[in-house]
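Visitor: Okay, handing you the structure first.
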Amino acid sequence: MEQKSRRTRGFPQKTKVGGTSVPLSVLLVRHGESEANIHNVIVSDRFDPTLTDYGRQETQSLAQKWQGQPVSAIYSSPLRRTMETAQIWAETLNVATIYPDPRLHEIHLGAFDGKVIDDILRTNPEDYNQWKHNPESPPQGGEKLSAVGARMKAFLDMIASQYHEGLVIGVTHADCLKAVTLSILEAPWTSAQFLHFGNVAGVFLEYHDNRFQIHALPVIPI
1 MEQKSRRTRG
11 FPQKTKVGGT
21 SVPLSVLLVR
31 HGESEANIHN
41 VIVSDRFDPT
51 LTDYGRQETQ
61 SLAQKWQGQP
71 VSAIYSSPLR
81 RTMETAQIWA
91 ETLNVATIYP
101 DPRLHEIHLG
111 AFDGKVIDDI
121 LRTNPEDYNQ
131 WKHNPESPPQ
141 GGEKLSAVGA
151 RMKAFLDMIA
161 SQYHEGLVIG
171 VTHADCLKAV
181 TLSILEAPWT
191 SAQFLHFGNV
201 AGVFLEYHDN
211 RFQIHALPVI
221 PI
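Below you can see the structure in the form of structure tokens.
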């Protein structure tokens with residue numbers, strides 16, 4: 001979901017544990033600021049905005065901090081704002097190929113798609129507030145957060161089966177980051193209301209004992 005946000009932006013560089021590089025790690029990162037963000041528009045399927053100039057700059061600034069890391073692959077949600085973000089990462093880190101993956105796609109928001117949040121609050125505040133407090137009650141035609149969590153888990157399972165070392169980057173969306181965070185922490189889906197991922201924020205995962213664990217989580221509580 002797109003929301004106005006310029007609150008972030010730091011994200012820790014890949015670290016070492018016990019003096020040796022982690023064999024497999026995954027950086028799941030949100031796209032840079034998009035045109036929908038600055039207009040406070042919810043977008044999932046109906047519209048496909050590009051990044052703003054600021055969104056390109058903040059993406060490049062973050063990607064530069066990861067130069068020199070052993071990047072095995074870059075995956076991206078197939079939407080324009082994420083693919084454009086991934087392209088900046090790829091150019092900055094000298095990665096030749098970006099793999100679009102629908103499992104990283106924005107949450108589908110049905111009747112709210114393409115609408116300004118203020119307009120929804122004026123015309124349909126009950127459904128909006130119900131969804132914000134319980135993402136298992138999405139707007140009509142929308143997707144439950146648990147369904148997003150299931151496809152994010154499938155993505156991580158694929159990564160674990162295909163890669164055994166290095167850093168894999170996945171460019172995705174805020175609600176996808178919430179879903180994977182809550183899934184790994186085994187927290188209730190209603191806890192999503194307490195998480196905020198600004199543009200270019202993300203989650204850094206390390207693979208230990210046959211599962212991914214959260215190593216760094218730059219989340220801003222609200």
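Using UniProt numbering, the first residue of the sequence shown is number 1, and each one after it goes up by one. Quick reminder that beta carbons are idealized off the backbone N, C-alpha and C, glycines included.
(1) For R80 and T97, I'd like the C-alpha separation in whole angstroms.
(2) Measuring CB atoms only, is the region 79 to 95 touching the region 174 to 182, in the sense that at least three cross pairs come out at less than 8 Å?
(3) Note down the Cα distance separating F194 from P125, rounded to an integer number of angstroms.
(4) Does the distance from the C-beta atom of S34 to that of T50 stay below 9 Å?
(5) By alpha-carbon positions, which one of A111, G198, I117, Q67 ends up nearest to L167?
(6) What's the call for S191, buried or exposed, on a 16-neighbour Cβ count within 10 Å?
(7) Counting pairs of beta carbons, one from the region 135 to 145 and one from the region 45 to 64, are three or more of them closer than 8 Å?
(8) What does the alpha-carbon distance come out to for the pair F212 and G32?
(9) Our contact map puts S161 next to W189 with C-beta atoms below 8 Å; I'd like the distance itself, whole angstroms only.
(10) Since G170 is in the beta strand (DSSP E), which residue starts that stretch and which ends it?
(11) Taking the alpha-carbon of V148 as reference, which of G55, I107, Y99, F197 has the nearest alpha-carbon?
(12) Take the Cβ of A154 as the centre, count every other Cβ of all protein chains shown within 10 Å, and call the residue buried at 16 or more, exposed below.
(13) Whose C-beta lies closer than 7 Å to the C-beta of S137 among residues of the same chain, with five residues either side of it excluded?
(14) Using a Cβ-Cβ cutoff of less than 8 Å, which residues in the same chain neighbour D101 once the five nearest sequence positions on both sides are dropped?
Guide: With the given structure in hand:
(1) Mapped onto the sequence shown, residue 80 falls at position 80. Mapped onto the sequence shown, residue 97 falls at position 97. Rounded to the nearest angstrom, the gap between the Cα atoms of R80 and T97 is 16 Å.
(2) Taking 8 Å as the limit for Cβ pairs, the verdict is that the region 174 to 182 does not touch the region 79 to 95.
(3) Locating residue 194 in the sequence shown gives position 194, where the first residue counts as 1. Locating residue 125 in the sequence shown gives position 125, where the first residue counts as 1. So the two alpha carbons sit approximately 19 Å from each other.
(4) Your numbering for residue 34 matches position 34 in the sequence shown. Your numbering for residue 50 matches position 50 in the sequence shown. Yes, they are a contact pair.
(5) Indexing the sequence shown from 1 puts residue 167 at position 167. Comparing Cα positions, the closest option is Q67.
(6) Within the sequence shown, the letter at position 191 stands for residue 191. By the Cβ-count criterion, S191 is exposed, with fewer than 16 other Cβ atoms from all chains shown falling within 10 Å of its own Cβ.
(7) No: the two stretches stay apart, fewer than three of their Cβ pairs being nearer than 8 Å.
(8) Residue 212 sits at position 212 when you count from the first residue of the sequence shown. Residue 32 sits at position 32 when you count from the first residue of the sequence shown. If you draw a straight line from the Cα of F212 to the Cα of G32, it is about 25 Å long.
(9) What you label residue 161 is simply residue 161 of the sequence shown in a count that begins at 1. What you label residue 189 is simply residue 189 of the sequence shown in a count that begins at 1. Actually they are not in contact, since the Cβ atoms of S161 and W189 sit about 26 Å apart, beyond 8 Å.
(10) Residue 170 sits at position 170 when you count from the first residue of the sequence shown. Per DSSP, G170 belongs to the beta strand (DSSP E) from 166 to 172.
(11) Your numbering for residue 148 matches position 148 in the sequence shown. Considering only alpha carbons, the answer is I107.
(12) Your numbering for residue 154 matches position 154 in the sequence shown. The residue is exposed, with fewer than 16 neighbouring Cβ atoms inside 10 Å.
(13) Here residue 137 refers to the residue found at position 137 when the sequence shown is read from its first residue. So the qualifying residues of the chain are Q130, W131.
(14) As a first step, residue 101 must be located in the sequence shown, where it is residue number 101. So the qualifying residues of the chain are Y75, S76, S77, P78, F155, G170.
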